[in-house]
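Notes follow once the structure below has been shown.
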Amino acid sequence: MSKLDFLLVKTHRLRPKWQPTGLMYVAKALENVGAKVKILDLFFEKNPIKTLESILIRYKPNFVGIGGLYSEFDTIEAISKTIKDVDKNIKVIVGGPIAGVLTNELLKIKYIDIVALREGESISQDIFKYSINKMPLEEIRGIVFKKGDDVIYTKPRPIEDIDAIPIPSWHLIEVERYITTNDNWFGKEHLRMLNIVPARGCPYSCIFCDKSVFGNKWRGRNPKNIVDEIVMLKTRYNIQAVMFLDDIFDVNKKWVFSFIDELKSRNVNIYWGCSSRVNHADYELYKKMREAGCLYIFYGIEFGSDEILKRANKGFASKDINRAIDIAKSAGLRVVGSYMLGMLDETEEDIEKTIKSAINSKIDVGGISVLTPIAS
1 MSKLDFLLVK THRLRPKWQP TGLMYVAKAL ENVGAKVKIL DLFFEKNPIK TLESILIRYK
61 PNFVGIGGLY SEFDTIEAIS KTIKDVDKNI KVIVGGPIAG VLTNELLKIK YIDIVALREG
121 ESISQDIFKY SINKMPLEEI RGIVFKKGDD VIYTKPRPIE DIDAIPIPSW HLIEVERYIT
181 TNDNWFGKEH LRMLNIVPAR GCPYSCIFCD KSVFGNKWRG RNPKNIVDEI VMLKTRYNIQ
241 AVMFLDDIFD VNKKWVFSFI DELKSRNVNI YWGCSSRVNH ADYELYKKMR EAGCLYIFYG
301 IEFGSDEILK RANKGFASKD INRAIDIAKS AGLRVVGSYM LGMLDETEED IEKTIKSAIN
361 SKIDVGGISV LTPIAS
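Numbered continuously in my numbering, the sequence shown closes out at residue 376.
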């Protein structure tokens, strides 16, 4: 069996059955510079650690990259230990949202060699060049690594040009296992659905949100590139719907209209849904989106208390919530809304306002999560 340059691992904890998009983007970047890559999603494994051991022994990778959220810290530590127990010479790299917030804590784990900050595509390419003796590790921007007893922070890496990032490596995963329906959100039964990332970054400053990976500048992919990916997924996997996974889809209305025009000019029939904001609600825009196949809008409403909305820098007031929902519904869209409890200094009265807002709103699907503070 051919030796791997990189094994990219998605952990088995606290994740829905969505494809590992971030790892797929990194994999494509690595493939483009000649690296041999495999993606391992431990979410589906009955005995994930045993499966990981078997893959490590079989493929003997030089590097293992692990992506994760803050809540997966212990799992990442366990996976890293397993890797070093199998072969102490394998270099372990950790990236994703956890890397930017818990950098120092990750490097205290003796099994982790490198922490990759922000976006991973060009970082992974540079690490591959390092592995074939073409670049010193110290010259790779955007990483933190151990050198003896020292921890080395390299220079920050600029945000990626999103148009330079290719369509991710769908061929490296078993796509069929990720195809789902999400009937409640789309309001239609049994649609074959996958997720696509149309943009990165968010220009807003909600205080509970982490932007350590994609930053606070919105960057939309070229609409042609997005539609190319949709057409590919329709052709290869017979999908009927896509869920756009980004922070906000409609930051730039001109860009949204360009995407709609691209769909129509190529006669691409696809259902889709995306994220918007309460203060972005626009009937004409939403109507055009609905005519182009959009079935739902997702709003991060979060709170029903004006005091908490203001403190959280949400950028709208409670009176704006139902107005936005009405606009979306009048344009023919379903509305999915998220709410949140647990803001600092939130009172019982504030909590009651949030719960009442959720109950009394006209959203079609909603959920309440609990805020988890992360020490910085």
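Think of the CB as a built atom: it goes at the ideal place given N, C-alpha and C, for glycine as much as any other residue.
Taking the alpha-carbon positions, what's the residue i to residue j distance?
{"i": "G332", "j": "Y271", "result": "13 angstroms"}
{"i": "P58", "j": "D87", "result": "Checking the sequence shown, residue 58 turns out to be Arg, not Pro. So the two alpha carbons sit approximately 12 angstroms from each other."}
{"i": "I230", "j": "G337", "result": "25 angstroms"}
{"i": "S2", "j": "L40", "result": "16 angstroms"}
{"i": "L117", "j": "A99", "result": "6 angstroms"}
{"i": "R13", "j": "N104", "result": "22 angstroms"}
{"i": "F257", "j": "V370", "result": "35 angstroms"}
{"i": "S276", "j": "L194", "result": "19 angstroms"}
{"i": "S318", "j": "D306", "result": "6 angstroms"}
{"i": "E77", "j": "D85", "result": "12 angstroms"}
{"i": "I79", "j": "N279", "result": "42 angstroms"}
{"i": "G120", "j": "G201", "result": "14 angstroms"}
{"i": "D345", "j": "I207", "result": "14 angstroms"}
{"i": "E189", "j": "K155", "result": "49 angstroms"}
{"i": "E160", "j": "Y153", "result": "19 angstroms"}
{"i": "V151", "j": "V144", "result": "7 angstroms"}
{"i": "G22", "j": "A281", "result": "29 angstroms"}
{"i": "M232", "j": "K147", "result": "44 angstroms"}
{"i": "G68", "j": "R192", "result": "26 angstroms"}
{"i": "P223", "j": "T82", "result": "42 angstroms"}
{"i": "I165", "j": "P198", "result": "12 angstroms"}
{"i": "N184", "j": "D74", "result": "33 angstroms"}
{"i": "K134", "j": "N32", "result": "16 angstroms"}
{"i": "E348", "j": "K211", "result": "29 angstroms"}
{"i": "I109", "j": "E284", "result": "52 angstroms"}
{"i": "Y111", "j": "G142", "result": "20 angstroms"}
{"i": "K203", "j": "P48", "result": "Note that residue 203 is Pro in the sequence shown, not Lys. Cα to Cα, P203 sits roughly 38 angstroms from P48."}
{"i": "A241", "j": "K234", "result": "9 angstroms"}
{"i": "N89", "j": "N225", "result": "39 angstroms"}
{"i": "I114", "j": "Y286", "result": "44 angstroms"}
{"i": "L56", "j": "S330", "result": "54 angstroms"}
Sort out for me which residues DSSP pairs residue i with in a bridge.
{"i": "R13", "result": "Paired residue(s): none; R13 is not in a bridge."}
{"i": "W218", "result": "According to DSSP, which records beta bridges pairwise, W218 is partnered with nothing at all."}
{"i": "K38", "result": "L7"}
{"i": "R334", "result": "Y296"}
{"i": "L194", "result": "V242"}
{"i": "M340", "result": "S369"}
{"i": "D150", "result": "K147"}
{"i": "Y283", "result": "According to DSSP, which records beta bridges pairwise, Y283 is partnered with nothing at all."}
{"i": "V115", "result": "V94, V144"}
{"i": "R58", "result": "DSSP output for R58 lists no bridge partner at all."}
{"i": "V256", "result": "BP columns for V256 are empty, so no partner."}
{"i": "I173", "result": "DSSP, once it has assigned bridges, lists no residue as partnering I173."}
{"i": "F63", "result": "F6, K91"}
For residue i, which option in the options has the closest C-alpha, if you only look at C-alpha atoms?
{"i": "K28", "options": "Y178, A199, S124, I301", "result": "S124"}
{"i": "T181", "options": "I239, W218, L4", "result": "I239"}
{"i": "L107", "options": "E119, R118, V94", "result": "V94"}
{"i": "I359", "options": "E349, T372, Y339", "result": "Y339"}
{"i": "N62", "options": "K224, K91, T51, V268", "result": "K91"}
{"i": "F43", "options": "P20, N252, D247", "result": "P20"}
{"i": "T11", "options": "E160, E45, T235, N32", "result": "E45"}
{"i": "I321", "options": "K224, S361, S330, K287", "result": "S361"}
{"i": "K157", "options": "P198, D183, F214", "result": "Inspection of the sequence shows that residue 157 is occupied by Arg rather than by Lys. Checking every option, the nearest Cα to that of R157 belongs to F214."}
{"i": "I162", "options": "D183, K134, W218, I112", "result": "W218"}
{"i": "R236", "options": "D210, E284, H171", "result": "H171"}
{"i": "M289", "options": "I301, K254, G300", "result": "K254"}
{"i": "G300", "options": "E72, I368, T51", "result": "I368"}
{"i": "V251", "options": "S330, R221, D149, I55", "result": "R221"}
Return the chain-ordered list of same chain residues with a C-beta closer than 8 angstroms to the C-beta of residue i, the five sequence neighbours on each side being excluded.
{"i": "D5", "result": "L30, A35, K36, V37, P61, N62, F63, F128, S131"}
{"i": "V227", "result": "F259, E262, L263, R266, V268"}
{"i": "M343", "result": "F208, F303, I308, R311, A312, D350, L371"}
{"i": "D246", "result": "V197, P198, A199, R200, C274, S275"}
{"i": "G187", "result": "L295, Y296, R334, D364"}
{"i": "T51", "result": "L40, L42, E45"}
For residue i, which residues from the same chain have a beta carbon less than 6 angstroms from its beta carbon, with the 5 sequence-adjacent residues on both sides left out?
{"i": "C274", "result": "F244, F249"}
{"i": "M24", "result": "P168, S169"}
{"i": "F303", "result": "L309, T354"}
{"i": "F316", "result": "V278, N279"}
{"i": "S357", "result": "G304"}
{"i": "G366", "result": "G337, A358"}
{"i": "V335", "result": "I297, I325, A328, I363, D364"}
{"i": "S389", "result": "The structure shown does not extend to residue 389, since the chain spans only 1 to 376, so no value can be given for it."}
Excluding the 5 residues flanking residue i on each side, which residues of the same chain have their C-beta closer than 7 angstroms to its C-beta?
{"i": "Y70", "result": "P97, I98, V101, L102, I374"}
{"i": "K264", "result": "A292"}
{"i": "W18", "result": "Y178, N195"}
{"i": "V26", "result": "L8, G65, G120, E121, S124"}
{"i": "E53", "result": "T82, V86"}
{"i": "E352", "result": "none"}
For residue i, decide whether its Cβ has a neighbour in chain B, counting only Cβ atoms nearer than 8 angstroms.
{"i": "E352", "result": "You won't find chain B in this structure, because it holds only one protein chain."}
### Message
Taking contact to mean 3 or more Cβ pairs, one atom from each stretch, closer than 8 angstroms, check whether the segment 171-181 and the segment 137-154 are in contact.
### Response
No contact exists between the segment 171-181 and the segment 137-154.
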